[in-house]
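Residue numbers (the working numbering): 18 to 230. A short write-up of the structure that comes next.
Next comes the structure, spelled out in structure tokens:
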């Protein structure tokens, strides 16, 4: 048997059981939970989910403490920079989402350049704790992120997943998600300027207003 930290023991090669999570927008109060999820590496290499938000030289200089401080400052603003997933009060996943204009790196990309002049929100990153990967957390995070964007007035949401030429995409390269997760969430492929980088898009509706009796 193999024991994964933070999860139940399972036999080697056995499928992972799906889990249900609760997702909440990141706030200052929840910042310690994000810190615990990301760990000392800031999810990956000191990124702290700032690679698309900052000019490249600034991002490189800030790897680690600088990028961490930048993301922490966003946790106190509206709209929140993303949503956190919790399983039994344990932070297990993160999905970053924001208006596309908040991600300057997208504007510099030929492959992911704007499709039209519609204002869109962009899903830029997923991070799921290792024991919870391939257990449906990413799909729940994406659904929560779309609902959050809609509550903030978004009408179109885009994603930029990675599709491997052959075989599965290693976790380290799948931080923008995979096409299957977006397709299951009602996205469609809107463009593909690279064999491995489709642009997925979904139209969203504002949440229904509760009527008073």
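Backbone N, C-alpha and C define an ideal beta-carbon position, used for all residues, glycine too. Computed from a predicted model, the values in this text were never measured in an experiment.
With respect to the C-alpha of residue 221, the residue from 211, 65, 164 and 125 having the closest C-alpha is 164.
Cβ-Cβ distances below 8 Å link residue 72 to 121 in the same chain, with the five nearest sequence neighbours on each side left out; the list follows chain order. Contact between residue 99 and residue 80 is ruled out by a C-beta separation of about 19 Å, above the 8 Å threshold.
The segment 150–167 and the segment 87–102 touch, with no fewer than 3 CB-CB distances between them shorter than 8 Å. Where residue 41 is concerned, the enclosing beta strand (DSSP E) starts and stops at 39–42. Residue pairing by DSSP places residue 219 opposite 174 in a beta bridge. Residue 200 and residue 142 have their alpha carbons spaced roughly 16 Å apart. Along the segment 66–90, the alpha helix (DSSP H) occurs as fully enclosed runs of 4 or more residues at 73–78, listed in sequence order. With a cutoff of 9 Å on beta-carbon distance, residue 106 and residue 33 are scored as not near each other. In the structure shown, the three-state DSSP call for residue 117 is helix. One thing to note: residue 171 has its Cβ within 9 Å of the Cβ of residue 137. Closest in C-alpha terms to residue 119, from the list 127, 133, 102 and 91, comes 91.
Per DSSP, the continuous alpha helix (DSSP H) segment holding residue 159 begins and ends at 154–168. Non-local beta-carbon contacts of residue 42 in its own chain, meaning distances under 6 Å to residues more than five positions away in sequence, involve 97, 100 and 165 in chain order.
One alpha carbon belongs to residue 60, the other to residue 159, and they sit about 18 Å apart. In the displayed model, residue 206 falls within a strand according to three-state DSSP. The residues 89 and 92, in chain order, have a CB closer than 7 Å to that of residue 48 in the same chain once the five nearest residues on each side in sequence are set aside.
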